[in-house]
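Student: Have a look at the structure that comes next, please.
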Amino acid sequence: MRSVMRNKGAGVMAKTPLVQSVNRAIDILELLNKERSLGITQIGQALGLEKTTVFRLLQTLCARGYVRQDLSTQMYSETMKLFDMGIRMVDSHGLLKKARPHIEALAMSTRETVNLAVLDGRNIVYVDKVESSEVIKADLGVGRSFPAYATSLGKSILALLTDNQLGLLYKGETFIPLTSATVSGLEDLKEQIREIRIRGYASDDEELVQGLSCIGAAIRDFKGAPVAAVSAAFPSYRFPINSPERQQMAELIKRAAQSISIELGFLE
16 MRSVMRNKGA GVMAKTPLVQ SVNRAIDILE LLNKERSLGI TQIGQALGLE KTTVFRLLQT
76 LCARGYVRQD LSTQMYSETM KLFDMGIRMV DSHGLLKKAR PHIEALAMST RETVNLAVLD
136 GRNIVYVDKV ESSEVIKADL GVGRSFPAYA TSLGKSILAL LTDNQLGLLY KGETFIPLTS
196 ATVSGLEDLK EQIREIRIRG YASDDEELVQ GLSCIGAAIR DFKGAPVAAV SAAFPSYRFP
256 INSPERQQMA ELIKRAAQSI SIELGFLE
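If you're matching positions, the sequence shown starts at 16 in this note's numbering and goes up one per residue.
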C-alpha cells in the first residue's frame with residue numbers, strides 16, 4: 016500500500032492510501048475506455064505491468080462483468096456495466112424518466128439534437144439525448160464527458176453556484192482551449208456566468224467544437240440545487256447569434272428546463 020496525492024476533480028488535493036491491486040484494476044478500466052480493445056501485452060506495456068499481473072486482473076474484471084474478451088482475437092474491451100451503474104446513480108431521483116418527455120418535445124419543436132447532462136466534478140457527462148431530424152445535425156453521444164467551462168450545459172449549472180464555490184472548484188485549474196473561442200480562464204468564465212444568471216440560459220458558440228453551437232439551461236431539484244441541464248445543439252449557421260430564431264429557441268429551452276425542474280419538485 017502506498018500514499019499518493021490525487022486530484023479529486025474539485026480542486027482539492029487529498030492524501031489517500033491506495034490498494035495496489037484495486038488501483039491497477041481501475042487503471043486497466045480507464046485504459047480500455049480510451050483504447051476500446053487491447054491485448055494483454057499492450058495493456059502491460061501501457062501501464063508498466065507484468066503480463067501475469069495483467070492476466071490476473073483481467074480474469075477478475077471479466078468474472079465480475081466489467082470487461083469481456085473476444086475469443087477470436089484474444090483482445091479485451093470494457094462492457095457497459097460501469098455506464099449502467101452511472102446511469103442508475105443519475106436516475107436515483109427519477110431524472111431520466113421525468114425529463115424524457117420534455118426533451119422529446121423540445122427536440123420536436125426545435126428540430127435540433129437535445130441533450131441532457133449532469134455535472135461530475137469539473138466535467139459534464141451526457142446522460143440522454145434525442146437526435147435532430149435534420150440531415151446535418153450535432154451528435155456528441157451519451158456517456159461522453161467534456162469540460163463544463165466549454166459547454167452551455169456546464170456553464171448553465173455553474174451559474175447556479177456561488178462565486179466562492181466556483182473559485183474552489185477551479186482552484187489551480189488550467190483552462191485548456193478546445194477551440195479559439197473557448198473561455199481563457201476563471202475570470203473569463205465568471206464574466207460569462209454573470210450574463211447567464213441575468214438571462215437564465217447559457218450559450219456555447221463554437222467553444223467546444225468548431226462550427227457547433229449550443230444553448231442550455233439548468234435543471235433544479237426540490238431543494239433548488241442544480242442537478243442537471245438540458246440543451247439544444249445545432250450547426251452554428253442555422254441560428255446566428257442575436258437572431259430572433261435563436262432567441263425563440265433559448266426561450267423553449269428555458270421552458271423545458273423549468274418544466275423538468277417542476278417534475279423534480281422545484282418550486283420557484
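Just so it is clear, CB atoms sit at the ideal spot from N, CA and C, and this is done for glycine as well. Small disclaimer: the values here were computed from a predicted structure and weren't measured.
Considering Cα atoms alone, identify which of A240, T128, G226 and G158 is closest to L173.
Tutor: A240
Student: Check whether the Cβ atoms of Y185 and K269 lie closer than 7 Å to each other.
Tutor: no
Student: Which residue's Cα is closest to the Cα of L111: G80, K170 and K144?
Tutor: K144
Student: What residue range does the alpha helix (DSSP H) around S218 cover?
Tutor: Here S218 belongs to no alpha helix (DSSP H); instead the beta strand (DSSP E) covers A217 to D220.
Student: Mapping DSSP to helix, strand and coil, what is M123?
Tutor: helix
Student: What does DSSP give as the partner residue(s) for S160 in the beta ladder?
Tutor: V140
Student: I'd like to check one pair, A40 with L72: are the Cβ atoms closer than 7 Å?
Tutor: yes
Student: Just verifying my parser: in three-state terms, what is the DSSP assignment at A247?
Tutor: strand
Student: Between which two residues does the beta strand (DSSP E) carrying M90 extend?
Tutor: M90 to E93
Student: For P192, name the three-state secondary structure that DSSP assigns.
Tutor: coil
Student: Since V145 sits in a beta bridge, which residues does DSSP pair it with?
Tutor: V129
Student: Beta-carbon separation of N138 and A163 under 7 Å?
Tutor: yes
Student: So the alpha helix (DSSP H) G59 belongs to, where does it begin and stop?
Tutor: Taken as a continuous stretch (DSSP letters only), the alpha helix (DSSP H) holding G59 covers I55 to L62.
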